[in-house]
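These notes are about the structure you will find just below.
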Amino acid sequence: MVTLVENSLDLETYLGLRASVGWKLLKKSQAQKALDNSLFTLTAYIDGKPVGMGRIVGDGAVICYVQDLVVRPEYQMHGVGRVIMERLIEFVTAIKEKDTEMMMCLMCAKGREHFYEKFGFIGRPTEDLGPGMIQYIRY
Numbered sequence: 009m010v011t012l013v014e015n016s017l018d019l020e021t022y023l024g025l026r027a028s029v030g031w032k033l034l035k036k037s038q039a040q041k042a043l044d045n046s047l048f049t050l051t052a053y054i055d056g057k058p059v060g061m062g063r064i065v066g067d068g069a070v071i072c073y074v075q076d077l078v079v080r081p082e083y084q085m086h087g088v089g090r091v092i093m094e095r096l097i098e099f100v101t102a103i104k105e106k107d108t109e110m111m112m113c114l115m116c117a118k119g120r121e122h123f124y125e126k127f128g129f130i131g132r133p134t135e136d137l138g139p140g141m142i143q144y145i146r147y
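Counting from 9, one number per residue, gives the positions in the sequence shown under my numbering.
The following block contains the structure:
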């Protein structure tokens with residue numbers, strides 16, 4: 009059974025979960041700042057072991073991003089990601105101001121589009137929306 013714990017994602021768990029799926033290494037100071045500036049974090053546990061996490065960033069009024077959604081490979085395809093995503097969507101829905109619309113965006117790993125489409129996300133470009141774009145700022 010998956011247990012979700014909100015807003016308690018610690019640095020070592022965050023870095024460990026990122027590493028488990030082969031994401032880029034971050035400096036500890038950079039990772040801590042990212043956690044500190046998150047609107048919402050979620051850690052998924054099975055039998056007391058952290059097996060997944062989600063993180064929302066944004067302004068909390070007009071736009072929120074699913075910045076991180078990670079499930080350890082050995083726990084993928086067991087509903088952990090679904091439980092995390094459902095709670096992330098609930099969070100954003102709950103903070104949305106009445107009678108407004110909030111954009112909830114994400115950039116997913118190649119080949120993972122189908123997972124997010126199940127939650128109502130659409131790929132870009134569309135007839136009305138241009139492609140998503142990115143730039144890496146390096147020092």
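C-beta: ideal position from N, C-alpha, C; glycine also.
Provide the residue span of the beta strand (DSSP E) that contains R63, from first to last. As a first step, residue 63 is located in the sequence shown; it is residue number 55 there, counting from the start. Judged by DSSP secondary structure, R63 falls within the beta strand (DSSP E) whose first and last residues are K57 to G66.
With 16 other Cβ atoms within 10 Å as the buried cut-off, status of P133: As a working note, residue 133 is residue 125 in the sequence shown. Counting every other CB atom within 10 Å of its CB across the protein chains shown gives P133 a total below 16, marking it as exposed.
Consult DSSP for T108 and reduce its assignment to one of helix, strand or coil. The residue you call residue 108 lines up with position 100 of the sequence shown. Note: T108 maps to coil in three-state DSSP.
Applying the criterion that 16 or more other CB atoms from any shown protein chain within 10 Å of the CB defines a buried residue, is R80 buried or exposed? Looking up residue 80 in the sequence shown gives position 72. Buried, since its Cβ has 16 or more Cβ neighbours within 10 Å.
Start and end residues, alpha helix (DSSP H) containing D76: Here the question's residue 76 lines up with position 68 in the sequence shown. Careful: D76 lies outside any alpha helix (DSSP H), inside the beta strand (DSSP E) at I71 to V79.
For the candidate residues D136, L114 and G128, whose alpha-carbon lies nearest to that of I142? Looking up residue 142 in the sequence shown gives position 134. Ranking the options by Cα distance to I142, first place goes to L114.
Which residues bound the beta strand (DSSP E) around E82? Indexing the sequence shown from 1 puts residue 82 at position 74. Run containing E82: none; DSSP gives neither H nor E here.
Buried versus exposed call for D76 [16 or more other C-beta atoms within 10 Å across all chains shown]: Residue mapping note: residue 76 aligns to position 68 of the sequence shown, counting from 1. Residue burial annotation: D76 is buried, with at least 16 other C-beta atoms found within 10 angstroms of its C-beta.
Cβ shell of D18 (< 6 Å), same chain only, five flanking positions each side left out: Here the question's residue 18 lines up with position 10 in the sequence shown. When the five nearest sequence neighbours on each side are left out, no beta carbon in the same chain lies closer than 6 Å to the beta carbon of D18.
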